[in-house]
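Below: one structure, written as structure tokens.
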Amino acid sequence: MTNEITRVVIIGGGSAGWLAAGIIAASCPAQVQISLIESPDVSTIGVGEGTWPTMRSTLESMGISETDFFRECDASFKQGSKFSRWTSLSASDDYYHPFSLPTKYHEINLAPYWLPFKSKIQFANAVSAQAAICDLGLAPKQISTPEYATLLNYGYHLDAGKFAPFLHRHCVEKLGVRYISANVTQVNNQDNGDIQSITTDSAGTLEGDLFIDCSGLASLLLGKHYAIPFLSKKNILFNDTAVAVQIPYAEAEIGTESENAIRPYTLSTAQSAGWIWDIGLQSRRGVGHVFSSAHSSDEMAERELRSYIAPAVGEAAAQSLSIRKITFNPGHRQTFWHKNCVAIGLSAGFIEPLEATALVLIELSAKMIGEQFPVNRSAMDILAKRFNQTLTHHWQRIVDFLKLHYVMSQRRDSEYWCDNQLENTIPETLQELLELWKTQSPWVHDEVLRTEMFPSASYQYIYYGMKGGSNTAMPIKRPEAEAQARKKAEALFGENIQRTRQLTKVLLPHRELIEKIKEFGLQKI
Ligand SMILES: Cc1cc2nc3c(=O)[nH]c(=O)nc-3n(C[C@H](O)[C@H](O)[C@H](O)COP(=O)(O)OP(=O)(O)OC[C@H]3O[C@@H](n4cnc5c(N)ncnc54)[C@H](O)[C@@H]3O)c2cc1C
9 MTNEITRVVI IGGGSAGWLA AGIIAASCPA QVQISLIESP DVSTIGVGEG TWPTMRSTLE
69 SMGISETDFF RECDASFKQG SKFSRWTSLS ASDDYYHPFS LPTKYHEINL APYWLPFKSK
129 IQFANAVSAQ AAICDLGLAP KQISTPEYAT LLNYGYHLDA GKFAPFLHRH CVEKLGVRYI
189 SANVTQVNNQ DNGDIQSITT DSAGTLEGDL FIDCSGLASL LLGKHYAIPF LSKKNILFND
249 TAVAVQIPYA EAEIGTESEN AIRPYTLSTA QSAGWIWDIG LQSRRGVGHV FSSAHSSDEM
309 AERELRSYIA PAVGEAAAQS LSIRKITFNP GHRQTFWHKN CVAIGLSAGF IEPLEATALV
369 LIELSAKMIG EQFPVNRSAM DILAKRFNQT LTHHWQRIVD FLKLHYVMSQ RRDSEYWCDN
429 QLENTIPETL QELLELWKTQ SPWVHDEVLR TEMFPSASYQ YIYYGMKGGS NTAMPIKRPE
489 AEAQARKKAE ALFGENIQRT RQLTKVLLPH RELIEKIKEF GLQKI
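Shown next as structure tokens:
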């Protein structure tokens with residue numbers, strides 16, 4: 009074996025395996041050969057239907073046509089999330105976390121200027137057009153907007169069962185990835201502890217220089233072979249079980265009022281010991297209840313799920329539809345890149361899908377590997393160290409960000425919501441941010457890395473959406489500077505109202521745009 013890294017072997021053909029294959033193939037040096045091995049017997053997890061806007065540039069960088077993606081993956085537009093009953097039990101309690109940043113976000117922090125009006129207009133509505141566009145059920149672009157370009161920022165909802173095969177075809181046909189269908193039965197080390205090869209049941213032994221573990225919750229290489237410790241986060245984020253169901257649309261209607269419209273956002277409705285996701289694809293809805301098994305029985309969670317879907321499908325169907333149960337241990341591995349092996353996807357860790365952070369972390373991990381590809385073994389250790397530091401930071405930020413949704417809640421109607429307030433369940437890093445935000449608003453200074461997964465705007469949307477912040481606690485600038493900033497903020501609030509009106513006139517209902525894309529296609533950039 010030479011010191012050069014030219015053979016990448018990926019174990020697993022779920023979303024993680026194929027995204028990793030495509031992203032690395034599109035950005036690594038030309039001499040690198042990528043092989044992906046997948047078990048014909050172990051199916052992929054088959055869930056994971058919400059993405060971040062990063063997925064646009066990911067698909068584009070792999071050379072995928074956005075039109076083909078819409079045609080083949082049952083995809084729809086996701087412009088953010090709407091959280092219902094998270095702050096209180098009231099039926100009218102809801103707020104948006106839209107993907108578009110507040111207007112002129114990097115020039116001015118609008119939050120302090122919105123705070124005096126917080127009882128009149130929600131934060132997301134004051135600073136961006138997107139929440140209003142979502143409420144109207146409109147798409148984020150026009151049919152004349154080229155592929156991947158936006159009028160409003162967006163990611164996707166997709167059918168995970170169609171997405172992996174779609175990526176598979178593209179990676180094999182267009183990016184030269186070699187596919188092997190076999191079960192990995194043994195992992196063979198070199199003397200220095202690196203993996204030399206893997207043995208399979210039907211395709212012989214496969215040697216490699218860099219092994220990527222995308223084997224899902226089995227975590228064959230990093231977890232089983234190397235026994236890298238698993239850091240559980242269950243004491244912070246309690247949810248560890250999901251019950252999921254797919255429900256049909258009765259008929260394809262256009263609009264928002266009907267249960268049959270496609271919502272251009274993920275709807276997340278808080279329950280007594282968890283929350284229900286509701287994702288609209290072109291042909292069906294994916295609905296699931298994520299909950300804490302320490303606070304709810306399976307039966308109770310299923311009952312809440314069935315009563316949630318009953319208005320859409322009818323009482324009889326709601327009781328008879330088959331429900332799938334998935335259990336997971338929230339947390340992640342202590343390190344992600346060990347020796348010549350790096351884990352991506354569920355094999356690296358998983359925490360509840362509240363903000364769809366899993367696929368974005370897969371994209372980010374694969375991008376780091378592809379763009380900074382270690383051309384030799386000495387470079388690998390340096391990149392591994394950097395990768396581990398960066399990923400540890402991202403996991404910590406994910407945990408803090410998700411916990412923020414629970415800490416900000418004023419619900420005390422069950423043990424679950426009360427337990428979420430216990431100080432020993434709130435990471436110190438989040439406690440510090442909450443202390444800081446008593447006197448200054450979340451903003452760009454909270455972004456430690458250039459490549460943060462969540463912009464600080466996301467913290468603003470959750471914090472203010474859940475009624476955080478008080479304008480009396482905010483320091484006021486010197487009179488002239490204050491007057492100037494206030495004038496600018498007020499002008500931007502006004503511009504936002506104008507932009508919302510303009511967009512309302514030119515954007516099509518969500519389902520109508522998708523139908524047009526499928527029929528005519530989007531312009532290539
Ligand atoms: C309830 C739930 C909801 C979720 N919702 C979202 C969401 O909205 N957004 C989001 O971003 N993420 C979400 N996720 C996470 C998302 O589903 C996963 O991150 C994503 O699907 C990647 O999975 P994976 O490829 O790592 O694993 P898997 O899909 O499980 O794939 C594992 C692969 O490894 C292969 N394999 C296993 N053993 C062997 C072997 N011995 N030999 C060869 N191959 C083997 C299997 O055949 C399979 O191909 C959700 C997860 C859950 C549990």
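Residues in the sequence shown are numbered from 9 upward in steps of one, following our numbering.
All C-beta atoms, glycine included, are put in the ideal place defined by N, C-alpha and C.
Residue i: CB within 7 Å of a non-hydrogen atom of ligand 1
i: Thr59; result: yes
i: Leu275; result: no
i: Phe462; result: no
i: Phe344; result: no
i: Leu225; result: yes
i: Asn247; result: no
i: Asn337; result: no
i: Ser23; result: yes
i: Cys142; result: no
i: Phe85; result: no
i: Gly282; result: no
i: Val415; result: no
i: Ala29; result: no
i: Asn196; result: no
i: Ser4; result: Residue 4 lies beyond the stretch modelled for the chain, which goes from 9 to 533, so this question has no answer here.
i: Ala252; result: yes
i: Pro173; result: no
i: Gly296; result: yes
i: Ile334; result: yes
Short Cβ contact (8 Å threshold) for residue i with residue j
i: Ile522; j: Ser84; result: yes
i: Ala281; j: His303; result: yes
i: Val185; j: Ile206; result: no
i: Ile255; j: Arg311; result: no
i: Glu12; j: Val251; result: no
i: Ser136; j: Asn504; result: yes
i: Tyr273; j: Lys86; result: yes
i: Ile470; j: His114; result: no
i: Gly378; j: Ala157; result: no
i: Thr14; j: Ala172; result: no
i: Asn337; j: Lys242; result: yes
i: Glu155; j: Gln531; result: yes
i: Gly317; j: Ala326; result: Inspection of the sequence shows that residue 317 is occupied by Ile rather than by Gly. For Ile317 and Ala326, yes; Cβs fall inside 8 Å.
i: Asn188; j: Ala211; result: The residue you asked about is not Asn; residue 188 is Ile in the sequence shown. A contact, by the Cβ cut-off of 8 Å.
i: Leu313; j: Val321; result: no
Own chain residues within Cβ distance below 6 Å of residue i, not counting five before or after
i: Asp454; result: Ser464
i: Met9; result: Note that Met9 scores 47 on pLDDT, short of 50, meaning its location in the model is unreliable and no value can be drawn from it.
i: Tyr414; result: Asn428
i: Leu438; result: Asp408, Lys411
7 Å CB neighbourhood of residue i in its chain, flanking five on each side removed
i: Asn348; result: Asp202, Ile203, Asp217, Leu218, Phe219, Met388
i: Ile244; result: Val407, Lys411, Thr433, Pro435
i: Lys182; result: Gly71
i: Cys578; result: Absent from the structure is residue 578, since the part of the chain shown begins at 9 and ends at 533.
Rounded Cβ spacing between residue i and residue j (contact assumed at less than 8 Å)
i: Ser89; j: Leu160; result: 14 Å between Cβ atoms; not a contact.
i: Ala28; j: Ile287; result: About 23 Å; that fails the 8 Å criterion.
i: Phe131; j: Gln468; result: 7 Å
i: Ala351; j: Leu230; result: 4 Å
Contacting residues, own chain, Cβ-Cβ under 8 Å from residue i (five flanking each side not counted)
i: Tyr234; result: His346, Lys347, Cys349
i: Val368; result: Thr59, Trp60, Thr62, Met63, Met461
i: Ser276; result: Ser89, Lys90, Phe91, Ser92, Trp94, Trp283, Ile284, Trp285, Asp286, Leu362
Given 8 Å, three or more beta-carbon pairs between the region 468-483 and the region 443-457: Contact between the region 468-483 and the region 443-457 is present, with at least three C-beta pairs closer than 8 Å.
Contact the region 167-185 vs the region 73-82: 3+ CB pairs below 8 Å: Result yes; three or more Cβ-Cβ pairs closer than 8 Å.
Cβ contact (3+ pairs, closer than 8 Å) linking the region 19-26 and the region 41-58: Taking a contact to require three or more Cβ pairs closer than 8 Å, the region 19-26 and the region 41-58 qualify as touching.
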